[in-house]
Amino acid sequence: MVIRFRDYGKRLSDFEEEILVRCPQCDAYGRLRLRTAKILTVNSEQSSLGSIKRISCQHCSYTKQQSNAAKGKPALLLWQNNYMAQRNSSYGILDHFFGLPLWLQTSCCGQVLWAYNEAHLNFLESYVQSRLRERLPDDTLGWHNGSLASRLPRWIKLTQHQEKVLQKIQQLKHRL
Ligand SMILES: [Zn+2]
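Start counting the sequence shown at 1385; every next residue gets the next number (the numbering used here).
Put into structure tokens, the structure is as follows:
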């Protein structure tokens, strides 16, 4: 059976609503949900949309909040750099809002396979499972190469890594 993967131009930022990271307070099993809430910032003459990033641990009392999202690097750029860089940190890949280690990450094919959350894992899984990949134009942008699927690192796309990557994705799913 041919499994089709349709690239609807999903971007990494589409998965940023919730990022699972390791809790800096209770560490081992702490699962944090980073929620991006849209807020309305009212200046003297104009109002603009901002966002608040809030971390709250489900296992301990740890909470942290950050409101200036503008300081963050473009997510996709950072994501690619994370994939390319040889990370020496024992914590591996860090989230780009608070610098906390991602909860869903594991070594795979000499690289680090990571995801923000379950939806992101499912996205990677359906991509890797697919034998036939196709791209569709974005509703607003038309054809573009900013989509997550088009920017995935080569090692994830290699057929010989398919089985291993899928196996690791399953392992990460067990951490959810
Ligand atoms: Zn905690």
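Backbone N, C-alpha and C fix where the C-beta goes; we use that ideal spot for every residue, glycine too.
- With a 10 Å radius around its C-beta and 16 neighbouring C-beta atoms as the bar for buried, classify G1483 as buried or exposed. G1483 is exposed by the Cβ-count criterion.
- Query: So who's on the other strand from W1498, going by DSSP bridges?
  - Reply: BP columns for W1498 point to Q1489.
- Query: Any chance the CB of H1504 is under 7 Å from a heavy atom of ligand 1?
  - Reply: No - ligand 1 has no heavy atom lying nearer than 7 Å to the Cβ of H1504.
- Message: Considering Cα atoms alone, identify which of L1396, H1480, A1499, H1443 is closest to C1407.
- Response: The option with the nearest alpha carbon to C1407 is H1443.
- Do S1531 and R1395 have their C-beta atoms within less than 8 Å of each other? Their beta carbons are under 8 Å apart, which means S1531 touches R1395 by this criterion.
- Item | Rounded straight-line distance, which links the Cα of L1416 to that of L1486 | Distance between the alpha carbons of L1486 and L1416: 9 Å.
- Could you give the DSSP three-state label for L1462: helix, strand or coil? A caution first: L1462 carries a pLDDT of 49, below 50, which makes its placement in the model too unreliable to give a value.
- Is it buried or exposed for Q1489, if we count other Cβ within 10 angstroms and need 16 for buried? Answer is buried; the Cβ neighbour count reaches 16.
- Message: Less than 7 Å between C-beta atoms, sequence neighbours within five positions excluded: which residues of the same chain meet that for P1458?
- Response: Only weak support exists for where P1458 lies, its pLDDT of 49 falling under 50; the coordinates are left without a value.
- Query: Smallest Cα separation from D1397: which of P1537, Q1495, H1504?
  - Reply: A quick correction: the sequence has Ser, not Asp, at residue 1397. Comparing C-alpha distances from S1397 to each of P1537, Q1495, H1504 shows the shortest one belongs to H1504.
- Starting from L1556 and walking both ways along the alpha helix (DSSP H), at which residues does that stretch end? In the DSSP annotation of this structure, the continuous segment of the alpha helix (DSSP H) that includes L1556 starts and ends at 1546 to 1557.
- Please find out if some non-hydrogen atom of ligand 3 comes closer than 7 Å to the beta-carbon of Q1409. This structure lacks ligand 3; the ligands present are ligand 1.
- Message: Is the separation between the beta-carbon of V1512 and that of Q1546 shorter than 8 Å?
- Response: For V1512 and Q1546, yes; Cβs fall inside 8 Å.
- Message: With a threshold of 6 Å on Cβ separation, who are the neighbours of H1558 within its own chain once the five nearest residues in sequence on each side are excluded?
- Response: No residues qualify anywhere along the chain.
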